[in-house]
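*Asks:*
Residue numbers (mature numbering (1 follows the signal peptide of the UniProt record, and there is no 0)): -43 to -1, 1 to 302.
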């Protein structure tokens, strides 16, 4: 059952591809039969090259490298859905650009495939040129800049937030952002960048990443991002970055513990040494020059007066007499002990 399905599925895809090719070939043959100029694909010889980029929702913007400015009707590009030949939309040039806005019911999807033709009047006759028989919008995506870009500064950080267009919400996980931020007085060439911001609508800048006391300016851009091999062919997107969003301005948040200078900086070493020397000097002055401080620190130390007063009263201050008597007494006891020890045995 499984292999049969695979064969049928492969045959269906092959049949669709052949059918698309036949439709494009029949269209070319019809133009040739009518005497229509068919110069080739996008960027070939003839009227010049065209670049058509879509915002992946409802809008397609095209640029003509060599516009022909004449007095007749303005040239236009005709977009025909290959899956729905009855769906045709004009993109009329104004100078070198034109913009096609599709109706809401025809929002772009990954499987969309268009044939693009150029229609112009030359010598009073309308001529049609084939621009691209297989235009895949998902391969030419240039999104609109992120909207509602805001900043919210709190203690220790700045939170940046933005919004996703409702038409892109199903693809929000495939949106990749790049942030650029700088001090207000600096040029954008010196800005710092954060990329690989995938599938989110907020970002936190820590206070340690910003210089204190400065006003910063930040801007954001977006791109469709799909890694090779992670999704099917019909879900693979390509295209350039969007234009930058409108910038936001914010003051750098105060660092936590900003009153304490980080250890390791020259100012912190100087302050530490100065405080140490000041405290040492004050301690020396208090202990050397203030008797009151001495009395305060020594008030719990016992005085020797109570021990020496009896000796002074008995010996009239002559402590040597007491010392001689004590020595003689000790010597007499030791002598008797040594002489009397044999008799006792």
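Glycine included, each C-beta is placed from N, C-alpha and C at the ideal position. Since the structure is predicted, the reported quantities are computational estimates derived from the model, not experimental observations.
Tell me whether the segment 28 to 46 and the segment 55 to 75 touch, counting them as touching only if at least three CB pairs, one residue from each stretch, are closer than 8 angstroms.
*Replies:* Contact between the segment 28 to 46 and the segment 55 to 75 is present, because at least three Cβ pairs lie under 8 angstroms.
*Asks:* Quick check on residue 97: buried or exposed, where buried means 16 or more other Cβ atoms within 10 Å of its Cβ?
*Replies:* As a working mapping, residue 97 is identified with position 140 in the chain shown. It counts as buried.
*Asks:* On the CB-based measure, 16 or more other CB atoms within 10 Å of its CB, does residue 111 come out buried or exposed?
*Replies:* Counting from one through the chain shown, the residue named residue 111 turns up at place 154. By the 10 Å Cβ count, residue 111 comes out exposed.
*Asks:* Just list the residues that DSSP pairs residue 151 with in beta bridges.
*Replies:* Here the question's residue 151 lines up with position 194 in the chain shown. BP columns for residue 151 point to 136.
*Asks:* Can residue 207 and residue 164 be called in contact, C-beta distance under 9 angstroms?
*Replies:* Residue mapping note: residue 207 aligns to position 250 of the chain shown, counting from 1. Residue mapping note: residue 164 aligns to position 207 of the chain shown, counting from 1. Against a cut-off of 9 angstroms, the Cβ pair of residue 164 and residue 207 comes out as no contact.
*Asks:* What is the DSSP secondary structure of residue 206, reduced to helix, strand or coil?
*Replies:* The residue labelled residue 206 in the question sits at position 249 within the chain shown. Strand at residue 206.
*Asks:* Compare the beta carbon distance of residue 127 and residue 177 with 9 angstroms and say whether it is the shorter of the two.
*Replies:* Along the chain shown, one-based indexing puts residue 127 at 170. Along the chain shown, one-based indexing puts residue 177 at 220. No, they are not a contact pair.
*Asks:* Using CA coordinates, which residue listed in 213, 13, 51, 19 is at the minimum distance from residue 30?
*Replies:* For the purposes of this step, residue 30 is taken as residue 73 along the chain shown, with counting starting at 1. Per the Cα distances, 51.
*Asks:* Would you call the segment 196 to 204 and the segment 148 to 166 in contact, with 3 or more CB pairs under 8 angstroms?
*Replies:* No, because fewer than three Cβ pairs between the segment 196 to 204 and the segment 148 to 166 fall closer than 8 angstroms, the two stretches do not touch.
*Asks:* Using DSSP bridges, identify the partner residues of residue 38.
*Replies:* Taking the first residue of the chain shown as 1, we reach residue 38 at position 81. Bridge partners of residue 38: 71.
*Asks:* Excluding sequence positions up to five away, which residues of its chain have a Cβ less than 8 angstroms from the Cβ of residue 197?
*Replies:* Along the chain shown, one-based indexing puts residue 197 at 240. Around residue 197: 10, 99, 180.
*Asks:* Am I right that residue 161 and residue 120 are in contact with their C-beta atoms under 8 angstroms? What's the rounded C-beta distance?
*Replies:* As a working mapping, residue 161 is identified with position 204 in the chain shown. As a working mapping, residue 120 is identified with position 163 in the chain shown. Between residue 120 and residue 161 the Cβ distance is about 17 angstroms, and since that is not below 8 angstroms, they are no contact.
*Asks:* Work out the CA separation of residue 107 and residue 117 for me, nearest whole Å.
*Replies:* Counting from one through the chain shown, the residue named residue 117 turns up at place 160. Counting from one through the chain shown, the residue named residue 107 turns up at place 150. Near 6 angstroms, if we compare the C-alpha coordinates of residue 107 and residue 117.
*Asks:* Under the rule that 16 or more other beta-carbon atoms within 10 Å means buried, what is residue 152, buried or exposed?
*Replies:* Indexing the chain shown from 1 puts residue 152 at position 195. With fewer than 16 Cβ atoms within 10 Å of its Cβ, residue 152 is classed as exposed.
*Asks:* Count the other CB atoms, across all protein chains shown, that sit within 10 Å of the CB of residue 74; report buried if there are 16 or more and exposed otherwise.
*Replies:* Within the chain shown, residue 74 is the residue found at index 117, counting from 1. So residue 74 ends up on the buried side.
*Asks:* Just tell me which of 134, 8, 212, 158 has its CA closest to the CA of residue 171.
*Replies:* Taking the first residue of the chain shown as position 1, residue 171 is located at position 214. Per the Cα distances, 212.
*Asks:* Using a Cβ-Cβ cut-off of 7 angstroms (strictly less than) and excluding sequence neighbours within five positions of residue 192, which residues of its own chain qualify?
*Replies:* Stepping through the chain shown from its first residue, residue 192 is reached at position 235. Correct list, in chain order: 67, 183.
*Asks:* How far does the beta strand (DSSP E) with residue 91 in it extend, from its first residue to its last?
*Replies:* To locate residue 91, count along the chain shown from 1; it is residue 134. Start and end: 82 to 92.
*Asks:* At what residues does the beta strand (DSSP E) containing residue 121 begin and finish?
*Replies:* The residue labelled residue 121 in the question sits at position 164 within the chain shown. Counting along the chain, residue 121 falls outside any beta strand (DSSP E), and DSSP gives it neither H nor E.
*Asks:* By DSSP, does residue 96 sit in helix, in strand, or in coil?
*Replies:* As a position in the chain shown, residue 96 is number 139, starting the count at 1. DSSP places residue 96 in helix when its eight states are reduced to three.
*Asks:* Consult DSSP for residue 15 and reduce its assignment to one of helix, strand or coil.
*Replies:* Here residue 15 is taken as the residue at index 58 of the chain shown, counted from 1. In the structure shown, residue 15 sits in coil (DSSP, three-state: anything other than H, G, I, E or B).
*Asks:* Across which residues does DSSP place residue 175 in a beta bridge pair?
*Replies:* As a working note, residue 175 is residue 218 in the chain shown. According to DSSP, which records beta bridges pairwise, residue 175 is partnered with 138, 205.
*Asks:* Pull up the distance between the alpha-carbon of residue 28 and that of residue 133, whole angstroms please.
*Replies:* Here the question's residue 28 lines up with position 71 in the chain shown. Here the question's residue 133 lines up with position 176 in the chain shown. Cα to Cα, residue 28 sits roughly 45 angstroms from residue 133.
*Asks:* Where residue 293 and residue 285 are concerned, what is the direct C-alpha to C-alpha distance, given to the nearest angstrom?
*Replies:* Residue numbering aside, residue 293 sits at position 336 when the chain shown is read from its first letter. Residue numbering aside, residue 285 sits at position 328 when the chain shown is read from its first letter. In a straight line, the C-alpha of residue 293 is about 12 angstroms away from that of residue 285.
*Asks:* Using a 10 Å radius around the Cβ and a threshold of 16 neighbouring Cβ atoms, would you call residue 12 buried or exposed?
*Replies:* As a working mapping, residue 12 is identified with position 55 in the chain shown. So residue 12 ends up on the buried side.
*Asks:* Locate the beta strand (DSSP E) running through residue 304, then write down its first and last residues.
*Replies:* Given that the chain is displayed from residue -43 to residue 302, the structure contains no residue 304 and the question cannot be resolved.
*Asks:* From what residue to what residue does the beta strand (DSSP E) around residue 49 run?
*Replies:* Start at 1 with the first residue of the chain shown, and residue 49 comes out as number 92. Per DSSP, residue 49 belongs to the beta strand (DSSP E) from 45 to 49.
*Asks:* Since residue 122 and residue 14 are thought to touch, with beta carbons under 8 angstroms apart, how far apart are those beta carbons, to the nearest angstrom?
*Replies:* For the purposes of this step, residue 122 is taken as residue 165 along the chain shown, with counting starting at 1. For the purposes of this step, residue 14 is taken as residue 57 along the chain shown, with counting starting at 1. Indeed, because the Cβ distance is near 6 angstroms, the residues count as touching under 8 angstroms.
*Asks:* Identify the residues that DSSP records as bridge partners of residue 181: which are they?
*Replies:* In the chain shown, residue 181 corresponds to position 224, counting from 1. In the DSSP output, where bridge partners are listed per residue, residue 181 has 132.
*Asks:* According to the neighbour-count rule (16 or more other Cβ atoms, all chains shown, within 10 Å of its Cβ), is residue 87 buried or exposed?
*Replies:* Along the chain shown, one-based indexing puts residue 87 at 130. So residue 87 ends up on the buried side.
*Asks:* Taking 7 angstroms as the limit between beta carbons, can you name the residues of its chain near residue 93, skipping five residues before and five after?
*Replies:* As a position in the chain shown, residue 93 is number 136, starting the count at 1. Cβ within range, chain order: 70.
*Asks:* With DSSP collapsed to three states, give me the class of residue 289.
*Replies:* To locate residue 289, count along the chain shown from 1; it is residue 332. Helix.
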